[in-house]
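Asks: Please read through the structure below; I'll follow up with questions.
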Amino acid sequence: MDDNIEIHTFLYFAYGSNLLKGRFQLKNPSASIHCVARLKDYKLIFGNYKGLASDRWHGGVATIENSPGDEMWGVVWRMNVADLKSLDSQENVRLRAYSPVEVNVKTQGQELICRTYIMNSCVYAPPSPQQHRKIWDQATFKITSSSSPPPLYANP
20 MDDNIEIHTF
30 LYFAYGSNLL
40 KGRFQLKNPS
50 ASIHCVARLK
60 DYKLIFGNYK
70 GLASDRWHGG
80 VATIENSPGD
90 EMWGVVWRMN
100 VADLKSLDSQ
110 ENVRLRAYSP
120 VEVNVKTQGQ
130 ELICRTYIMN
140 SCVYAPPSPQ
150 QHRKIWDQAT
160 FKITSSSSPP
170 PLYANP
């Protein structure tokens, strides 16, 4: 890969509503799908920051938590560094709802270091039926026929 591209970009491991390409690229126009990847020793959960329900989602929102022995799948986006401020804003970093962290993900024999976000002060809550259905229906992946990850979410 062109070294110049890598200097001005970063990799972001996405889950939840950030799997939705059209929605995600509205605020992050440089984002392009890099690959599908597996994150070991974490699991996807739903909850609310400090127990405050989301007016937008009307239920718990996605986050991840450390869970030894578990694994989850997501999409790795390649993004311009210029979109980092927008991504942090989208994840409410300034309000301390989510914290950015670096994680190591695996994809087809390669390990990548990616930025992702983990909710602070998470109080577990089920996702709204609308959010669950929307993510299930619209999350599509670029997967080779030899790579078939397990479902990210249970089929509602």
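For the sequence shown, my numbering begins at 20 and goes up steadily by one.
Built from N, CA and C at the ideal position, the CB exists for glycine as well.
Keep in mind that this is a model prediction, so the values were computed, not measured.
(1) Quick one: using the 10 Å Cβ neighbour count with 16 as the cut-off for buried, is Pro145 buried or exposed?
(2) Which of helix, strand or coil does DSSP assign to Tyr31?
(3) Taking Arg57 as the reference, give the member of Asn99, Met98, Gly88, Glu110 with the closest Cα.
(4) Quick one: residues in its chain with C-beta nearer than 7 angstroms to the C-beta of Val142, no 5 flanking neighbours on either side, listed in chain order?
(5) Go ahead and pull the three-state DSSP assignment for Lys69.
(6) Which of the three DSSP states, helix, strand or coil, is assigned to Val112?
(7) Select from Gln109, Ser147, Glu130 the residue whose C-alpha is nearest the C-alpha of Tyr136.
(8) So, helix, strand or coil for Gly78, using DSSP?
(9) Using only the alpha-carbon positions, how far apart do Thr124 and Leu131 sit?
(10) Is Asn37 helix, strand or coil when you go by DSSP?
(11) Ordered along the chain, which non-local residues of its own chain (more than five positions away) have a Cβ less than 6 angstroms from that of Thr159?
(12) Could you say which of Ser105, Val95, Asn99 lies nearest to Glu121 if we only look at CA atoms?
(13) Where does Pro48 sit, in a helix, a strand or coil, going by DSSP?
Replies: The structure says:
(1) exposed
(2) strand
(3) Gly88
(4) Gly66, Asn67, Lys69, Gly70
(5) coil
(6) coil
(7) Gln109
(8) coil
(9) Here the sequence assigns Val to residue 124, which means Thr is not the residue at that position. Answer to the nearest angstrom: the Cα atoms are 5 angstroms apart.
(10) helix
(11) No answer about Thr159 holds up, because its pLDDT of 43 lies below 50 and its placement is not dependable.
(12) Val95
(13) coil
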